[in-house]
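Report on the following structure.
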Amino acid sequence: MSAIVPGQSVIGFIGIGTMGLPMALNVAKAGYELKVFDLSEKALAEAKAAGATPVSSVAELARTSDVIITMLPDAPDVEKITLGQDGIESAARPGTLYVDMSTIDPGTSRRVAVRLAERGIRMIDSPVARGVENARAGTLALMIGGDKADVDEAMPLLRTMADTITYCGPLGNGVAMKLVNNFLSAGIVSTVAEACAIGLKAGLPLDMIVAISGATGTNNAWMHKLMPSKAFLGDFSPGFMTPLARKDQRLALAFAEDMGVPLTLGKAVFELLTQTAEVYPREDFTSILRVVGDGAGVKIRLPEA
């Protein structure tokens with residue numbers, strides 16, 4: 040099939056929250072006819088002001104869209120929207136392309152895809168990496184699984200939201216790669232927090248700890264780029280809220296268990312995320328720094344902060 044380009048395809052976007060809204064606005068900005076559905080009236084109003092058309096139900100959006108995008112919190116939400124009553128399965132036309140950009144488990148992605156395929160609905164999984172600022176700028180990173188022809192067809196649309204796009208193989212591989220990457224992020228941030236707490240307790244300043252790491256094999260983007268510009272300055276405004284990070288860690292642990300991969304460290308990180316989510320449920324998952332710092336009796340901050 041021909042590429043999905045502005046002026047030829049109607050795009051339906053379900054789930055315009057913290058990340059989904061700026062992503063949807065970039066689709067509209069690129070000239071696509073865009074329909075949106077969300078439970079938030081505020082988000083719908085903002086999307087409408089940017090040229091999108093709010094609709095009253097998932098079924099209405101599915102019936103009238105050539106491509107349907109979802110950006111939802113968890114696997115049960117995706118299953119409800121796709122396979123539930125008046126969902127995508129029952130309303131979308133044969134030939135519709137469904138792009139799930141949520142972070143869920145590969146098993147759910149594949150199960151949904153099989154059901155949709157029975158109705159002639161194609162599916163790719165395309166979870167996103169990077170934060171809200173990247174969503175606004177259209178510079179997200181996508182990890183995609185699905186039939187290569189479907190991915191190629193969707194590429195012009197996907198490029199309105201991302202500047203780094205990696206094809207990971209068959210459907211389900213996109214979310215598998217996303218779980219692996221988020222597992223790495225949570226582990227790195229947790230280890231950085233505990234290492235910094237040890238150093239600070241011993242009287243070493245944080246800027247020295249960061250500098251030495253940058254000059255050795257422990258150099259990493261979280262410690263030397265991402266946290267010095269935000270979390271190390273005491274800014275824990277949500278880019279990726281702790282409960283969502285905990286959810287992704289849970290999915291990664293379950294995925295690994297299904298494959299027979301033991302994860303001793305991963306389980307410890309999950310417990311730390313659980314503690315952090317209880318104390319800071321509305322803030323960024325780098326609030327791990329505060330939980331670890333409080334436990335050690337230190338403040339993990341750069342001197343100028």
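For the record, in the sequence shown the residue sitting at position 276 is 315 according to my numbering, with numbers rising by one throughout. For each residue, glycine too, the CB sits at the ideal point set by N, CA and C.
Notebook entry, point to check: Do the stretch 186 to 203 and the stretch 144 to 152 make contact, defined as three or more Cβ pairs closer than 8 angstroms?
Noted result: no
Check: According to DSSP, which residues form a beta bridge with M280?
Finding: Beta-bridge pairing links M280 to D323.
Margin query: Let me check understanding here. Comparing Cα to Cα, which of K306, R289, R102 and S48 lies closest to K217?
Written below: R289
Checklist line | Continuous alpha helix (DSSP H) stretch holding E343: start and end | finding: Neither: E343 is in no alpha helix (DSSP H) and is coded neither H nor E.
Next item on the list: Select from L292, V231 and A291 the residue whose C-alpha is nearest the C-alpha of L265.
Entry: Measuring from the Cα of L265, the nearest candidate turns out to be V231.
Note to self: Cutting at 8 angstroms between CB atoms, please list the residues of its own chain near A215, excluding the five before and the five after it.
What the structure shows: P145, G184, C207 and F294
Notebook entry, point to check: Which stretch, first to last residue, makes up the beta strand (DSSP E) that contains I50?
Noted result: Note, I50: beta strand (DSSP E), V49 to I53.
Notebook entry, point to check: Taking all protein chains shown into account, do 16 or more other C-beta atoms lie within 10 angstroms of the C-beta of A250, making it buried, or fewer, making it exposed?
Noted result: exposed
Next item on the list: Express the C-alpha separation of V337 and G177 in angstroms, rounding to a whole number.
Entry: 38 angstroms
Next item on the list: Mind checking which residues open and close the beta strand (DSSP E) that includes L179?
Entry: L179 to G184
Next item on the list: State buried or exposed for V94, treating a residue as buried only when at least 16 other CB atoms are found within 10 Å of its CB.
Entry: V94 should be labelled buried.
Next item on the list: With a cut-off of 8 angstroms on the beta carbons, I'd call V171 and M162 a contact; round off their distance for me.
Entry: With a Cβ gap of about 26 angstroms, V171 and M162 do not count as contacting.
Check: In the structure shown, what three-state DSSP assignment does F76 receive?
Finding: strand
Note to self: Assuming A316 is part of the alpha helix (DSSP H), what are its boundary residues?
What the structure shows: T303 to V318 is the extent of the alpha helix (DSSP H) around A316.
Check: Can you list, in chain order, the residues of its chain whose CB lies under 7 angstroms from that of S229, leaving out five sequence neighbours each side?
Finding: V308, L311 and I327
Notebook entry, point to check: Got a sec, what are the start and stop residues for the alpha helix (DSSP H) G208 sits in?
Noted result: Counting along the chain, G208 falls outside any alpha helix (DSSP H), though it belongs to the beta strand (DSSP E) covering A201 to G208.
Next item on the list: Taking only the alpha-carbon atoms, compute the straight-line gap between N212 and D164 and give it to the nearest angstrom.
Entry: Approximately 8 angstroms between the Cα atoms of the pair.
Check: Is it the case that the Cβ atoms of F76 and V97 are separated by a distance below 9 angstroms?
Finding: Annotated as proximal: F76 and V97, with beta-carbon spacing under 9 angstroms.
Check: Just reading off the alpha helix (DSSP H) that D139 is part of, what are its end residues?
Finding: Unbroken run through D139 is the beta strand (DSSP E), L136 to D139; no alpha helix (DSSP H).
Next item on the list: Look at the Cβ atom of I108, then the Cβ atom of M58, and state whether they are nearer than 9 angstroms.
Entry: no
Next item on the list: Measure the alpha-carbon distance for Q329 versus P342 and round it to whole angstroms.
Entry: Going by the sequence as given, residue 329 is Arg instead of Gln. Cα-Cα distance, rounded: 16 angstroms.
Notebook entry, point to check: Are N221 and A335 close, meaning C-beta to C-beta below 9 angstroms?
Noted result: no
Item checked: Selected residue, minimal CA-CA separation from N259, among P277, S224 and K119 -> S224
Next item on the list: Grab the span of the alpha helix (DSSP H) containing T109 for me, first residue to last.
Entry: From DSSP, T109 is part of no alpha helix (DSSP H) but of the beta strand (DSSP E) over V106 to T109.
Item checked: DSSP three-state assignment for T147, whether helix, strand or coil -> T147 carries a helical assignment under DSSP once its states are collapsed to helix, strand and coil.
Next item on the list: Would you check if the distance between the CB atom of L155 and the CB atom of R169 is smaller than 9 angstroms?
Entry: no
Item checked: Extent of the continuous alpha helix (DSSP H) run through D274 -> Where D274 is concerned, there is no enclosing alpha helix (DSSP H), given that its DSSP letter is neither H nor E.
Notebook entry, point to check: Would you report the Cα separation of R285 and T142, rounded to the nearest angstrom?
Noted result: 12 angstroms
Margin query: Run through the DSSP bridge pairs and tell me what V167 is partnered with.
Written below: L181
Margin query: Are the CB atoms of S104 and K68 within a distance shorter than 9 angstroms?
Written below: no
Check: Would you report the Cα separation of Q124 and E118, rounded to the nearest angstrom?
Finding: 10 angstroms
Next item on the list: Please report the residue range of the alpha helix (DSSP H) in which S96 lies.
Entry: DSSP places S96 outside any alpha helix (DSSP H), giving it a letter other than H or E.
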